[in-house]
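A.B. asks:
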Amino acid sequence: RSMSKDVEALLEATGRWLMFDDNNIMDRLNAFAAQNIQYFEYVPDSSNDDRVENPLHYTTLYNQFTELFENEIVTFLASLGCTLEQFLAICEAEEAKAGAVDSVPLHHWIIAMTDYREFKKFMLEAKRQAVSRGEVAAA
Numbered sequence: 331r332s333m334s335k336d337v338e339a340l341l342e343a344t345g346r347w348l349m350f351d352d353n354n355i356m357d358r359l360n361a362f363a364a365q366n367i368q369y370f371e372y373v374p375d376s377s378n379d380d381r382v383e384n385p386l387h388y389t390t391l392y393n394q395f396t397e398l399f400e401n402e403i404v405t406f407l408a409s410l411g412c413t414l415e416q417f418l419a420i421c422e423a424e425e426a427k428a429g430a431v432d433s434v435p436l437h438h439w440i441i442a443m444t445d446y447r448e449f450k451k452f453m454l455e456a457k458r459q460a461v462s463r464g465e466v467a468a469a
């Protein structure tokens with residue numbers, strides 16, 4: 331069964347907003363990372379990310395990061411007349427109708443953006459990239 335035109339438009343608009351829009355949320359999330367990577371340990375090998383201890387300030391920064399992301403997506407969805415809860419329910423319903431698909435469903439990506447382990451991986455990767463570009467010291 332195909333999605334309604336309204337649902338399809340909502341999902342397409344949200345995907346564009348997340349990845350391709352001129353007012354790109356990823357720019358703001360990357361700016362957050364750049365401002366805060368100094369507080370994260372340098373881990374040269376990403377396979378060791380889970381072994382890094384989680385100092386209390388990681389949790390503080392994680393809370394700021396999720397608040398930033400949630401405020402952004404709630405504001406965007408409200409501009410389309412939708413709440414975050416409604417959006418996630420629509421995504422889950424569409425995924426259930428579609429069955430297995432090749433790509434990661436949009437709502438999985440959104441939920442991952444507010445997952446602590448994903449946040450930590452994002453920040454440690456930002457630190458690795460900044461060190462490789464010579465923007466910050468590895469220490």
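Just so we're aligned: the sequence shown equals residues 331 to 469 in the working numbering.
Each residue gets a CB set at the ideal place from its N, CA and C atoms; glycine is no exception.
It should be emphasised that the depicted structure is a prediction, and the values quoted were computed from it without experimental measurement.
Determine whether the beta carbon atoms of Y446 and Y392 lie at a separation below 7 Å.
C.D. replies: Contact: yes.
A.B. asks: Within the stretch 375–422, note down every full alpha helix (DSSP H) run reaching 4 residues or more, in order along the chain.
C.D. replies: For the stretch 375–422, whole alpha helix (DSSP H) runs of length 4 or above, ordered along the chain, are 386–409.
A.B. asks: Which residues in the same chain have their Cβ closer than 8 Å to the Cβ of L414, if we skip the five residues on either side of it in sequence?
C.D. replies: Result list for L414: E400, I403, V404, L407, in chain order.
A.B. asks: If contact is defined by three or more beta carbon pairs under 8 Å, each pair taking one atom from either stretch, is the stretch 447–464 in contact with the stretch 357–373?
C.D. replies: Because the criterion of three Cβ pairs below 8 Å is met, the stretch 357–373 and the stretch 447–464 touch.
A.B. asks: Output needed for V337: all residues of its chain with C-beta closer than 7 Å, excluding positions within five of it in sequence on either side, in chain order.
C.D. replies: Result list for V337: I420, E424, in chain order.
A.B. asks: Does L436 pass the burial test, meaning 16 or more other C-beta atoms within 10 Å, or should it be called exposed?
C.D. replies: Looking at its Cβ environment, which holds 16 or more other Cβ atoms inside 10 Å, L436 is buried.
A.B. asks: With DSSP collapsed to three states, give me the class of E448.
C.D. replies: If DSSP states are grouped into helix, strand and coil, E448 belongs with the helices.
A.B. asks: Is R458 helix, strand or coil by DSSP?
C.D. replies: It is helical.
A.B. asks: Got a sec, what are the start and stop residues for the alpha helix (DSSP H) N366 sits in?
C.D. replies: Looking at the DSSP string, the run of the alpha helix (DSSP H) that includes N366 is 355–366.
A.B. asks: What's the call for K450, buried or exposed, on a 16-neighbour Cβ count within 10 Å?
C.D. replies: K450 comes out buried.
A.B. asks: Only counting the same chain, and skipping five residues up and downstream in sequence, which positions put a Cβ closer than 8 Å to that of N384?
C.D. replies: Contacts found: K450.
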